[in-house]
Amino acid sequence: MSGNEKKELPWWQKYTLTLNEASEYFGIGYKKLKLFVQEHSDEDFVLWNGNRALIKREQFEKYMDSQMNVI
């Protein structure tokens with residue numbers, strides 16, 4: 001590996017995910033996830049890097065588990 005190459009972690013090992021990664025990982029459409037993050041911008045699972053939202057993967061999983069109602 002040369003000095004310029006960056007080792008990429010698999011999504012399931014990352015602490016935060018971009019909206020694109022989170023969309024694929026959780027099976028949620030990008031636009032729907034972006035709107036959801038805007039509506040829940042103060043939740044613990046959202047990390048803001050300037051105006052860029054990142055999803056804290058494990059915290060979002062816990063949030064989704066606690067909020068989902070299955071019939």
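Just so we're aligned: the sequence shown equals residues 1 to 71 in the numbering used here.
Every residue, glycine too, gets a C-beta built ideally from N, C-alpha and C.
Residues sharing a beta bridge with residue i, DSSP
i   : result
I28 : Paired residue(s): none; I28 is not in a bridge.
T16 : K56
DSSP-derived helix/strand/coil call for residue i
i   : result
K56 : strand
N49 : strand
K6  : coil
M68 : coil
E76 : The first residue shown for the chain is 1 and the last is 71, placing residue 76 beyond what the model contains.
Same chain, Cβ closer than 8 Å to residue i, neighbours up to 5 away in sequence not counted
i   : result
I28 : A22, F36
Nearest-angstrom beta carbon gap, residue j and residue i [assumed within contact, 8 Å]
i   : j   : result
K62 : T16 : Contact doesn't hold; Cβ gap of about 15 Å is too wide.
Residues of its chain near residue i, where Cβ-Cβ distance is below 7 Å and the 5 sequence neighbours each way are ignored
i   : result
E39 : none
W11 : L17, E21, Y25
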